[in-house]
Every structure is written in structure tokens, then in C-alpha cells.
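Note that this note's numbering numbers the sequence shown so that position 18 is 33, with each residue one more than the last.
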Amino acid sequence: MYQHRNLCGDRIDLPVGKVVCIGQNYQDHIAEMKSQVAAEALFFIKPATALADLTQPVAIPMQHGAVHNETELAVLIKSPLCKASVEQVGTAVWGYSLALDLTLREVQTELKRLGRPWDIAKGFDGACPVGPFIPQAQVKHPQQLDFSLQVNGQLRQSGTTATMIRGIHQIISEMSHWFTLLPGDMVLTGTPAGVGPLQPGDALSLQLADLLRVQTKVVAA
Numbered sequence: 016m017y018q019h020r021n022l023c024g025d026r027i028d029l030p031v032g033k034v035v036c037i038g039q040n041y042q043d044h045i046a047e048m049k050s051q052v053a054a055e056a057l058f059f060i061k062p063a064t065a066l067a068d069l070t071q072p073v074a075i076p077m078q079h080g081a082v083h084n085e086t087e088l089a090v091l092i093k094s095p096l097c098k099a100s101v102e103q104v105g106t107a108v109w110g111y112s113l114a115l116d117l118t119l120r121e122v123q124t125e126l127k128r129l130g131r132p133w134d135i136a137k138g139f140d141g142a143c144p145v146g147p148f149i150p151q152a153q154v155k156h157p158q159q160l161d162f163s164l165q166v167n168g169q170l171r172q173s174g175t176t177a178t179m180i181r182g183i184h185q186i187i188s189e190m191s192h193w194f195t196l197l198p199g200d201m202v203l204t205g206t207p208a209g210v211g212p213l214q215p216g217d218a219l220s221l222q223l224a225d226l227l228r229v230q231t232k233v234v235a236a
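Here it is as C-alpha cells:
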């Protein structure tokens with residue numbers, strides 16, 4: 016069962032909550048998906064059952080079409096936020112990590128075509144593998160963090176939080192006006208260009224600046 020953990024592998028004393036995500040927060044990803052920038056942020060939720068340990072093999076379902084990688088900066092919340100200002104967000108952050116917002120792309124595309132919600136494409140069991148968290152005090156410039164994903168030794172995604180459409184604290188503030196964020200909740204901050212299908216046997220390497228590197232592999236669920 017998933018538990019939030021730090022870089023040493025020790026359990027963080029917070030419950031496991033929901034994952035609140037923002038879509039379309041990098042211009043290059045909006046372009047690759049042939050989408051349009053909207054004035055309002057696109058928020059969606061993954062349940063706690065979507066969480067998985069990224070340091071363990073990433074298990075993907077095989078019966079619903081392509082499963083795409085979306086590499087994102089993850090933020091762990093340590094204290095409640097409800098209708099919070101941008102200035103109030105900083106003291107509520109425990110720390111940062113990297114996560115994969117796994118997406119059943121064909122399922123999502125069809126649900127979008129039908130005008131239906133696409134929760135099942137984003138919230139299935141294991142749809143959010145996340146790495147160990149780095150305490151906020153050890154991350155000097157969260158608004159200028161480079162991160163990347165390599166698949167089988169080839170660079171697939173590369174981004175920096177400096178190019179987000181909405182910054183980290185702005186995202187969390189806006190989210191808190193729709194959903195109260197509780198201790199143990201996690202926020203995903205969007206993905207840059209480079210999404211694509213994963214296959215069993217793929218070797219993954221995720222890097223967050225010089226703070227975190229996670230190597231793992233993909234297996235069939």
C-alpha cells in the first residue's frame with residue numbers, strides 16, 4: 016500500500032489523500048495536443064487509490080489501449096488550505112517530488128469526443144506513481160526547477176517550472192478555492208511536451224534538477 020516517503024525511504028507522517036491536478040499548464044504540451052489555452056484553469060482529481068511508489072515497477076493496464084507518460088512536479092501538502100491566497104500557500108507545503116500522471120489516451124480521447132468526463136482515463140488504480148519527497152527547505156528555487164524523463168535511455172520529456180502558465184503557488188491557491196486541500200493531499204502541476212505510450216519492459220529515468228533521480232521499469236499490471 017502506498018505511503019508518502021522521504022529521500023531516505025522513511026515514511027512521512029501524513030495521511031494519503033487525494034491528488035489534485037492541473038491540465039494544460041505548459042504551452043508546448045497544449046500545442047502537441049492541438050488544444051487551446053483557456054482562461055480558466057483545468058483541474059481534475061485522482062483518488063488516493065491511484066497513488067503508487069515510483070521506485071517500484073510501474074504497472075500499466077494492457078486492456079484499454081495506450082498508456083501515456085506525463086511527467087510532472089508533485090507538491091505534498093502538510094496543512095489545510097481553503098480559499099487560500101498565494102501568500103498563504105508556502106507554509107502549507109511539505110515538499111516536492113516527481114510523478115507520472117499516467118493517462119489512458121485512447122479512452123480519454125473517446126470520452127472527450129462524447130463530451131463525457133474522463134476520470135477513468137486518469138484515475139485508475141496505479142495511475143499516479145510518485146517518487147520520494149524532498150522537504151521544502153531543501154528546494155531553494157521551486158519556480159526554476161528543471162526536470163526530465165528518459166525512456167530506454169532516450170530523452171522523452173524535458174521541462175522547467177519556470178515556463179508554467181500558472182506558477183506553483185498560484186495553482187495551489189486557485190485549487191483551494193474549489194477543493195479544500197488537506198494534509199497528505201498531493202498537487203500535480205502540469206506536464207511539458209513529450210507525452211507518449213509506455214510499454215512493458217521500458218526502462219524509465221526521472222530527474223529533478225540535482226535533487227532527485229528515480230530509475231524504474233514498466234511492467235504489465
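Even glycine gets a Cβ: it sits at the ideal position worked out from N, Cα and C. If you're wondering where the values come from, they're calculated on a predicted model, not measured in any experiment.
To the nearest whole angstrom, what separates the beta carbons of P207 and H44, a pair I think is in contact under 8 Å?
Contact between P207 and H44 is confirmed by a C-beta separation of about 6 Å, below the 8 Å threshold.
Pull up the distance between the alpha-carbon of P212 and that of Y17, whole angstroms please.
If I take the Cα positions, the gap works out to 24 Å.
Neighbour-count burial assignment, G138, 16 or more Cβ in a 10 Å radius
Buried.
Which same chain residues end up closer than 6 Å to T175 when comparing Cβ atoms and leaving out the 5 residues on each side of it in sequence?
Once the five neighbours on either side are set aside, the close Cβ partners of T175 are D161.
Can you check which of these residues, R26, M77, A218, is closest to A142 by C-alpha distance?
Measuring from the Cα of A142, the nearest candidate turns out to be M77.
Run through DSSP, which three-state label would H156 get?
Per DSSP, reduced to three states, the secondary structure at H156 is coil, with no helix or strand assignment.
How should R171 be labelled, buried or exposed, when 16 other C-beta atoms within 10 angstroms of its C-beta is the threshold for buried?
R171 comes out buried.
For C36, count neighbouring Cβ atoms within 10 angstroms of its own Cβ and tell me buried if that reaches 16, exposed if not.
With 16 or more other Cβ atoms inside 10 Å of its own Cβ, C36 counts as buried.
List the endpoints of the continuous alpha helix (DSSP H) containing L129.
Per DSSP, L129 belongs to the alpha helix (DSSP H) from 120-129.
Round the Cβ separation of I144 and V34 to the nearest angstrom and send it over; I've been treating them as touching at under 8 Å.
Per the sequence shown, the amino acid found at residue 144 is Pro instead of Ile. For P144 against V34, the beta-carbon gap comes to about 11 Å, at or over 8 Å, which does not count as contact.
Extract the residue ranges of the beta strand (DSSP E) inside the stretch 74-110, only unbroken runs of 3 or more that lie entirely within it.
DSSP runs (the beta strand (DSSP E)) wholly in the stretch 74-110: 82-84, 86-92.
Suppose only complete runs of 3+ residues qualify. What are the beta strand (DSSP E) ranges in the stretch 147-223, listed by chain order?
Taking only runs of at least 3 residues, the beta strand (DSSP E) segments lying wholly in the stretch 147-223 are 161-166, 169-175, 201-203, 218-223.
Alpha helix (DSSP H) containing A252: first to last residue?
Nothing can be reported for residue 252, as the shown portion of the chain is limited to 16 through 236.
Thinking just about the alpha-carbon of each residue, which of S188, G216, R228 is nearest to the one in P95?
Nearest in C-alpha terms to P95, of all of S188, G216, R228, is S188.
Only counting the same chain, and skipping five residues up and downstream in sequence, which positions put a Cβ closer than 6 Å to that of H24?
The identity of residue 24 in the sequence shown is Gly, whereas the question assumes His. Result list for G24: empty, nothing under 6 Å.
Quick check on the burial criterion: 16 or more other C-beta atoms within 10 angstroms. Buried or exposed for E55?
Exposure of E55 is indicated by the presence of fewer than 16 other C-beta atoms within 10 angstroms of its C-beta.
Three-state secondary structure assigned by DSSP to A235
Per DSSP, reduced to three states, the secondary structure at A235 is strand.
Can you find at least 3 beta carbon pairs, one from the stretch 90-109 and one from the stretch 122-136, that sit closer than 8 Å?
No, because fewer than three Cβ pairs between the stretch 90-109 and the stretch 122-136 fall closer than 8 Å, the two stretches do not touch.
Assuming L164 and L219 are in contact, meaning their beta carbons sit under 8 Å apart, how far apart are those beta carbons, in whole angstroms?
Contact flag correct, Cβ pair sits at about 7 Å.
Kindly indicate which three-state DSSP category Q18 falls into: helix, strand or coil?
In the three-state reduction of the DSSP assignment, Q18 falls in the coil class.
Residues sharing a beta bridge with D68, DSSP:
Under the DSSP definition of a beta bridge, D68 partners with V145.
Looking only at its chain, what residues have a beta carbon closer than 8 Å to the beta carbon of Q214, apart from the 5 residues adjacent to it on each side?
For Q214, where only same-chain residues beyond five positions count, the Cβ hits under 8 Å are V233.
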